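K.L.:
Those protein sequences? They're chains A and B, same order as listed.
The opening residue of the first sequence carries number 1 in the numbering used here; numbering runs sequentially from there.
The opening residue of the second sequence carries number 264 in the numbering used here; numbering runs sequentially from there.
Submitted below is the structure of interest, expressed as structure tokens.
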Amino acid sequence: MIHFIVATIKEARPLIDFYKLKKNNNSCEFQIFQNNNISLTVSKIGKVSSALSVSHTFFELGKKKNQIWINFGLAGIKNMDIGKLFLVNKIIDFDSSKLFFPHIISNFKLDHKSCVTYSKPNEELNNLLSDMESSGFFESSSKFSSKELIHSLKIISDNESNKIDFNNDEQIYKLIEKELKNIDQFKNEVVKIWEEYYEENQKLEKIIKSLTEKLKPTFYQKHELSKLIKLYYSKYQKFDHNILDYSKDAKYNIKLILEKISL
Amino acid sequence: MKFNVIYIEEKIKDYPNTKEILARINYKKIIYCENYNQVFNPKNQNFRIQKAEPSIILAKKEQNFLLNAPEKFTIGYSKNFYFSHMLNCVYDCKYCFLQGMFNSAHYVIFVNYLDFFNAIKSQVSRSKKTICFFSGYDCDSLALEKITNFLSFFLIKFQKIKNGILEVRTKSTKIDIFKQIKPMNNIVIAFSLNPKHIVKKFEDKTPSLTQRIKAIVELQKLGWNIGLRFDPLIIDNSNNFIIYDFFKFIFDKIETRRIHSVTLGKFRMPKQFFEKFSSLRPNEYFFINKENEKFKNIGIYENQLRKFIDKKKIFRN
Numbered sequence: 001m002i003h004f005i006v007a008t009i010k011e012a013r014p015l016i017d018f019y020k021l022k023k024n025n026n027s028c029e030f031q032i033f034q035n036n037n038i039s040l041t042v043s044k045i046g047k048v049s050s051a052l053s054v055s056h057t058f059f060e061l062g063k064k065k066n067q068i069w070i071n072f073g074l075a076g077i078k079n080m081d082i083g084k085l086f087l088v089n090k091i092i093d094f095d096s097s098k099l100f101f102p103h104i105i106s107n108f109k110l111d112h113k114s115c116v117t118y119s120k121p122n123e124e125l126n127n128l129l130s131d132m133e134s135s136g137f138f139e140s141s142s143k144f145s146s147k148e149l150i151h152s153l154k155i156i157s158d159n160e161s162n163k164i165d166f167n168n169d170e171q172i173y174k175l176i177e178k179e180l181k182n183i184d185q186f187k188n189e190v191v192k193i194w195e196e197y198y199e200e201n202q203k204l205e206k207i208i209k210s211l212t213e214k215l216k217p218t219f220y221q222k223h224e225l226s227k228l229i230k231l232y233y234s235k236y237q238k239f240d241h242n243i244l245d246y247s248k249d250a251k252y253n254i255k256l257i258l259e260k261i262s263l
Numbered sequence: 264m265k266f267n268v269i270y271i272e273e274k275i276k277d278y279p280n281t282k283e284i285l286a287r288i289n290y291k292k293i294i295y296c297e298n299y300n301q302v303f304n305p306k307n308q309n310f311r312i313q314k315a316e317p318s319i320i321l322a323k324k325e326q327n328f329l330l331n332a333p334e335k336f337t338i339g340y341s342k343n344f345y346f347s348h349m350l351n352c353v354y355d356c357k358y359c360f361l362q363g364m365f366n367s368a369h370y371v372i373f374v375n376y377l378d379f380f381n382a383i384k385s386q387v388s389r390s391k392k393t394i395c396f397f398s399g400y401d402c403d404s405l406a407l408e409k410i411t412n413f414l415s416f417f418l419i420k421f422q423k424i425k426n427g428i429l430e431v432r433t434k435s436t437k438i439d440i441f442k443q444i445k446p447m448n449n450i451v452i453a454f455s456l457n458p459k460h461i462v463k464k465f466e467d468k469t470p471s472l473t474q475r476i477k478a479i480v481e482l483q484k485l486g487w488n489i490g491l492r493f494d495p496l497i498i499d500n501s502n503n504f505i506i507y508d509f510f511k512f513i514f515d516k517i518e519t520r521r522i523h524s525v526t527l528g529k530f531r532m533p534k535q536f537f538e539k540f541s542s543l544r545p546n547e548y549f550f551i552n553k554e555n556e557k558f559k560n561i562g563i564y565e566n567q568l569r570k571f572i573d574k575k576k577i578f579r580n
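If you want it as structure tokens, here you go:
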């Protein structure tokens, strides 16, 4: 699943419409909108809120590790045109000086820039992107996913000479709407990475979950089962439930799998 | 080679060697960091994804320039150290321990080559015995030479080290640097070798066995000392005859007299690396498990080797 984390509903609305997301009424603390593949959480402004919203989304939507996390929002910069979309390649937390480095590959066609996350709105713009969420978002989503699947996208909302009217919903909508195709293309590139490296793993996790529910293994046996099922899968490219005897316990079934993979 | 991103530690951005390396790289963007660990060490990274398109990280090695080699590891000298001017390798051997050891597949190049040399100089000055220094354990010493110029710098310096031996471990056949300077007695160019079908199946992106033998022959003609490293020797479905033929194939072509040393070892990986390796490469984990079972009797292969080379030159690891 792809999780978008967006600070305000104004910034979120174009994405909600583009991906036809419906409100998840089970979530009280944060507004979550979703369809089958995509969720969008409105985090509210600030790095702490952003971090909390990632954590909330993770636990609310099935606690699945190694999903795609994209922080999207508006940002300021001194010398770039309003409306330009950037991928963040380095995040600097202004308060703690902590640095984070998202993984950037050549298939990402977007221009990229470093971003400084501030606790308060930064009135003195410089040559780096200024935002209030990225560091909290990245640090928190790093607990739940691999770095290659975590990214921040920023559209320039203010520079040294101009700024948009943040109270004008329509202006914000139009600014973001222009870049939706690029945002979607970027998302698709990250999805390709996920499909290549994690999709199969997710299938395996499902198999392991169903087996552990049926066989009720001990903690150690669960670890063994998980490892052996992965090996079985890598050898046969599928998992045949018929090789197991569900009337017997986990220990017996571990032996059965071991025999099948001839270890 | 093209690189999308080059990471550079701020403190070394003006080092001459940093600038020289950058001049030899085709790259799109530089991103500065304070310490290479910020990019290289975070846990939540996927080695396989990064291996598809690694970046270069230029950094400064601050300490521990030389590390003690494992006790049993020797090519005939009692004091042994290893060092790495680079972390990670351009090749993609499926059994490689680096993927279990490092969180990232980016290539870290430590640009302060002189500090490595000074550490060696200091170590030999305190010893009456000959000390052996192994290069190429956390990387391939030769494969990225066109970018690093490490050996161009280091070999000339090492000529002055009278009681030191430098092993340059590699699978690379880019031997130009050894053609440009006079052969040195205290250098051993050590080639890692495996049977042809193993190279094809498990040593992705590496030169073929035939290309490596060709490079060895060429280096021998120039007068360089050569080491042969069957370490790890991967057996796969090979029976003893196949391994014998593999040894024969090599020793028929090279000059045995000019072989400095031969090492023989089975695949080994510390347990904590092996756990990570098993999740990154489940297929190979399965294979390696079986492989180790087969390798209970390494003595068979040592006996085969003795038919081609003096047993004093054979070292088991």
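Every residue, glycine too, gets a C-beta built ideally from N, C-alpha and C.
Since we're looking at a predicted model, the values are computed, not measured.
1) Quick one: what's got a C-beta closer than 6 Å to N488/B's C-beta in the same chain, skipping five residues either side?
2) Check the C-beta distance from F571/B over to F510/B and give it rounded, since I have them as a contact under 8 Å.
3) Between the stretch 73 to 85 of chain A and the stretch 248 to 263 of chain A, can you find at least three pairs of beta-carbon atoms closer than 8 Å?
4) Just how far apart, CA to CA, sit L149/A and I2/A?
5) Could you check which residue in L377/B, I372/B, K423/B has the C-alpha nearest to that of L405/B?
6) Please confirm whether I269/B and Y290/B have their CB atoms less than 8 Å apart.
7) So the alpha helix (DSSP H) K460/B belongs to, where does it begin and stop?
8) Would you kindly check if the distance between the Cβ of K214/A and the Cβ of Y246/A is under 8 Å?
9) List, in order along the chain, the chain B residues whose C-beta lies closer than 9 Å to that of S272/A?
10) Assess contact between the stretch 110 to 117 of chain A and the stretch 89 to 96 of chain A, defined as three or more Cβ pairs (one per stretch) separated by less than 8 Å. Is contact present?
11) Give me the Cα-Cα distance between F465/B and T473/B, rounded to the nearest whole angstrom.
12) Using a beta-carbon distance below 8 Å, is N488/B in contact with chain A?
13) Mind checking if N381/B is an interface residue toward chain A, Cβ cutoff 8 Å exclusive?
14) Residues of the stretch 90 to 103 of chain A with a CB closer than 7 Å to any CB of chain B: list them in chain order, please.
15) For T433/B, name the three-state secondary structure that DSSP assigns.
16) Between the stretch 182 to 203 of chain A and chain B, which residues of the former have a C-beta closer than 9 Å to a C-beta of the latter?
17) Three-state secondary structure (DSSP) at A51/A?
18) According to a CB-to-CB cut-off of less than 9 Å, which residues of the stretch 497 to 530 of chain B neighbour chain A?
19) Could you tell me whether the Cβ of S135/A comes closer than 8 Å to any Cβ of chain B?
20) Which residue from S388/B, E297/B, K434/B, I383/B puts its Cα closest to that of F344/B?
21) Tell me, please, whether the CB atom of E316/B is closer than 8 Å to any CB atom in chain A?
22) Pull the bridge partners of C402/B from the DSSP assignment, please.
23) Any idea what DSSP makes of S455/B, helix, strand or coil?
24) In chain A, which residues lie with their C-beta within 8 Å of the C-beta of Q313/B?
25) Compute the Euclidean distance between the alpha carbons of S415/B and I440/B, then round it to the nearest angstrom.
26) Measure from the C-beta of V353/B to each C-beta in chain A and report whether the shortest distance is under 8 Å.
27) In the DSSP output, what is A75/A paired with across the bridge?
28) Does the beta carbon of E297/B sit closer than 8 Å to a beta carbon anywhere in chain A?
29) Any idea if P333/B is buried or exposed, counting beta-carbon neighbours within 10 angstroms, 16 or more meaning buried?
30) If you check the beta carbons only, do G363/B and F396/B fall under 8 Å apart?
31) Along chain A, which residues have their Cβ under 7 Å away from the Cβ of Q301/B?
32) If the criterion is Cβ atoms closer than 8 Å, does the pair K22/A and Q34/A meet it?
33) Determine, using beta carbons only, whether S142/A comes closer than 8 Å to chain B.
34) Counting C-beta neighbours from all protein chains within 10 Å, is the total for L377/B 16 or more, i.e. buried, or is it exposed?
35) On the criterion of 16 or more Cβ atoms from any shown chain inside 10 Å, does D169/A qualify as buried, or is it exposed?
36) Kindly identify the DSSP beta-bridge partner or partners of K349/B.
P.N.:
According to the structure shown:
1) Locating residue 488/B in the second sequence gives position 225, counting from the first residue. Closer than 6 Å at Cβ, skipping near neighbours: V451, H523.
2) Here residue 571/B refers to the residue found at position 308 when the second sequence is read from its first residue. Here residue 510/B refers to the residue found at position 247 when the second sequence is read from its first residue. At roughly 6 Å, the Cβ-Cβ gap stays under 8 Å, so F571/B and F510/B are in contact.
3) no
4) Here residue 149/A corresponds to residue number 149 of the first sequence, with the count starting at 1. Here residue 2/A corresponds to residue number 2 of the first sequence, with the count starting at 1. In a straight line, the C-alpha of L149/A is about 9 Å away from that of I2/A.
5) Your numbering for residue 405/B matches position 142 in the second sequence. Here the closest residue by C-alpha is I372/B.
6) Numbered from its first residue, the second sequence carries residue 269/B at position 6. Numbered from its first residue, the second sequence carries residue 290/B at position 27. Contact: yes.
7) Here residue 460/B refers to the residue found at position 197 of the second sequence. Looking at the sequence shown, residue 460/B is not Lys but His. 459 to 465 is the span of the alpha helix (DSSP H), which, as asked, contains H460/B.
8) Counting from one through the first sequence, the residue named residue 246/A turns up at place 246. Counting from one through the first sequence, the residue named residue 214/A turns up at place 214. Going by C-beta atoms, Y246/A is nearer than 8 Å to K214/A.
9) There is simply no residue 272/A to check, as chain A begins at 1 and stops at 263 in what is shown.
10) yes
11) Counting from one through the second sequence, the residue named residue 465/B turns up at place 202. Counting from one through the second sequence, the residue named residue 473/B turns up at place 210. Going by the C-alpha atoms only, they are around 16 Å apart.
12) In the second sequence, the residue the question calls residue 488/B occupies position 225. Chain A contact via Cβ: absent.
13) Numbered from its first residue, the second sequence carries residue 381/B at position 118. No, no contact with chain A.
14) K90, L99, F101, H103
15) Counting from 1 along the second sequence, the entry for residue 433/B is found at position 170. Residue state, collapsed to three classes: strand.
16) I193, E196, Y197, Y198, N201
17) On the first sequence, position 51 is the one that residue 51/A refers to. A51/A falls in the helix class under three-state DSSP.
18) none
19) On the first sequence, position 135 is the one that residue 135/A refers to. It does not: the Cβ of S135/A has no partner Cβ on chain B nearer than 8 Å.
20) On the second sequence, position 81 is the one that residue 344/B refers to. Of the candidates S388/B, E297/B, K434/B, I383/B, the one whose C-alpha sits nearest the C-alpha of F344/B is I383/B.
21) If you number the second sequence from 1, residue 316/B lands on position 53. E316/B counts as touching chain A.
22) Here residue 402/B refers to the residue found at position 139 when the second sequence is read from its first residue. Looking at the DSSP assignment, C402/B forms no beta bridge with any residue, so it has no partner.
23) On the second sequence, position 192 is the one that residue 455/B refers to. Strand at S455/B.
24) Taking the second sequence and counting its residues from 1, one reaches residue 313/B at position 50. The answer, in chain order, is H103, E148.
25) Position 152 of the second sequence holds residue 415/B. Position 177 of the second sequence holds residue 440/B. The alpha-carbon atoms of S415/B and I440/B are separated by roughly 7 Å.
26) Counting from one through the second sequence, the residue named residue 353/B turns up at place 90. It does not: the Cβ of V353/B has no partner Cβ on chain A nearer than 8 Å.
27) What you label residue 75/A is simply residue 75 of the first sequence in a count that begins at 1. In the DSSP output, where bridge partners are listed per residue, A75/A has I156/A.
28) Numbered from its first residue, the second sequence carries residue 297/B at position 34. Closer than 8 Å: yes.
29) The count along the second sequence starts at 1 and reaches residue 333/B at position 70. That one is exposed.
30) As a working note, residue 363/B is residue 100 in the second sequence. As a working note, residue 396/B is residue 133 in the second sequence. No, the pair does not count as a contact, with Cβ atoms beyond the cut-off.
31) Indexing the second sequence from 1 puts residue 301/B at position 38. The contacting residues are L99, F101.
32) Against the first sequence, residue 22/A aligns to sequence position 22. Against the first sequence, residue 34/A aligns to sequence position 34. Yes, they are a contact pair.
33) In the first sequence, counting from the first residue as 1, residue 142/A sits at position 142. Yes, because at least one Cβ of chain B sits closer than 8 Å to the Cβ of S142/A.
34) Translated into the one-based positions of the second sequence, residue 377/B becomes position 114. Classification of L377/B: exposed, given that the 10 Å Cβ count is below 16.
35) The sequence position of residue 169/A within the first sequence is 169, counting from 1. D169/A should be labelled exposed.
36) Here residue 349/B is taken as the residue at index 86 of the second sequence, counted from 1. A small fix is needed here, since residue 349/B is Met in this sequence, not Lys. I372/B, per the DSSP bridge assignment.
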